[in-house]
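See below for the structure under consideration.
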Amino acid sequence: MKTGKAAVPNSAKAFEMDALLAGIKANNFVVIGRAGMDLFADPPGTATEDAEVMHVGLGGSSANIAAGICKLGGQAALVTRVSDDSIGRYCTNQLKRYGVQTDYVIPIGGEFRNSLAVYESRIEGHQSVIYRNGAADFEMNKDDVEAVDFGRFGALITAGTVFAAEPSRSATFHGFDRAKAAGLPIIFDVDYRPYSWPSAEVASDVLSRAAARCDMIVGNDEEFGFMAGSIDKGLEKARALSTESAAVVIYKMGPEGAITFAGGEEIRTGIYPVDALKPTGAGDSFMAGLMTSLADGHDLKTAILRGSACASVTVSRPGCAPAMADTKTLETFLAAHPGPTQS
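Listed below in structure tokens is the structure:
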């Protein structure tokens, strides 16, 4: 049993790893978190203030993860609230287009609105503007989570923004309880977005509490450093979580690749270099690629590398959900690319 207070015996950790992988291999995920609309200027390289043409696409970290899983042959259902207007209906329609189950995507009226992201397909001088006032997804509540049949799924995935406000925060923690009761492992993308939180202190406390309850934790060096109180302590925070609670912790370092802590080992992996068009969407596509690759029977290191390849595909194309790889695109990319950098 995980205590969250002391290192877990190796035998218990081995059992946790087996249970984690068994849940993922069902390749049927319940994903909690936001869906939104993305707008990005065309042609690539255009600054937002100079735009004459904008393209629209599905966005929102959890929606992207769910869409990416479906594009790679898995199944996913999203649990969220959307605004009861044309934008909310757009998001729901796009989820359906990608094959995401929308039984638990619930409209909400009043002044609540879906997230809107306006960003650019360029690296140098990249600008991204996020509109999150009165966010509809933060209105997800415990009744919404109670309606979910967790027994239908193999694993739960969520991203950190769900914890930034109430009632979404309490609802997601309740979802953790219900997932655990149903025997589902919990996969957590830290995904710290400062603009969503009332303060850094609240974020650090809540995200740390959430991470302590999860079986797999994925974050970058800045996010683990944030939870630890200093970026130079992030790696040690990731290592500690792998001994105290989670079976797998993935510490991403951007162009330097990743260090994964699992089963008492440290796995170092590189990235697949590409000519990036934009920085957005990499983390969501990494998660989708990682989950579906594990579900398809690849070992952990190979699955991490395939997730990295998915991230490289996404940053080399406009949009987020539209840019994410399907199975054919991923396999073509891997066959043509000279291979990942050495870690």
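According to my numbering, the sequence shown is numbered sequentially starting from 869.
All C-beta atoms in this analysis are idealised placements derived from N, C-alpha and C, irrespective of residue type, glycine included.
Taking the straight line between their C-alpha atoms, what separation do you get for residue 875 and residue 1019?
In this predicted model, residue 875 has a pLDDT of only 44, less than 50, meaning its place in the structure is not dependable enough to derive any value.
Subject >> CA-to-CA distance, residue 1101 to residue 934, given in whole angstroms >> reply: 31 Å
Taking the alpha-carbon positions, what's the residue 1074 to residue 1055 distance?
Roughly 16 Å between the two C-alpha positions.
Check: At which residue ranges does the stretch 1015–1094 contain complete beta strand (DSSP E) runs of 3 or more residues, listed in the order of the chain?
Finding: If only uninterrupted beta strand (DSSP E) runs of at least 3 residues are considered, those enclosed by the stretch 1015–1094 are 1023–1027, 1054–1057, 1084–1088.
Whole angstroms are fine: how far does the CA of residue 1112 sit from the CA of residue 984? 37 Å
**Message:** Comparing C-alpha positions only, which one of 1136, 1015, 1123, 982 sits nearest to residue 1143?
**Reply:** When each option's Cα is compared against that of residue 1143, the closest is 1123.
If I follow the unbroken alpha helix (DSSP H) through residue 1184, where does it start and stop? Taken as a continuous stretch (DSSP letters only), residue 1184 belongs to no alpha helix (DSSP H), as it is neither H nor E.
When DSSP labels each residue in this structure, what does residue 983 get in the three-state scheme?
strand
Buried versus exposed, by CB contacts within 10 Å (16 or more), residue 1068: exposed
Residue range of the unbroken alpha helix (DSSP H) whose run includes residue 1199
Segment 1195–1204, the alpha helix (DSSP H) holding residue 1199.
TODO: Return the chain-ordered list of same chain residues with a C-beta closer than 6 Å to the C-beta of residue 1180, the five sequence neighbours on each side being excluded.
DONE: 1140, 1142
Next item on the list: In the DSSP assignment, find the unbroken beta strand (DSSP E) run with residue 1154 in it and report its ends.
Entry: From DSSP, residue 1154 is part of no beta strand (DSSP E) but of the alpha helix (DSSP H) over 1150–1163.
Next on the checklist: Once DSSP output is grouped into helix, strand and coil, what is the label at residue 1120?
Outcome noted: Residue 1120: strand per DSSP, three-state reduction.
Practice task
Label residue 949 either buried or exposed according to how many other C-beta atoms from any shown protein chain fall within 10 Å of its C-beta, with 16 as the threshold for buried.
Solution key: buried
Would the stretch 1038–1047 count as touching the stretch 1188–1204 if we require 3 or more Cβ pairs under 8 Å?
no
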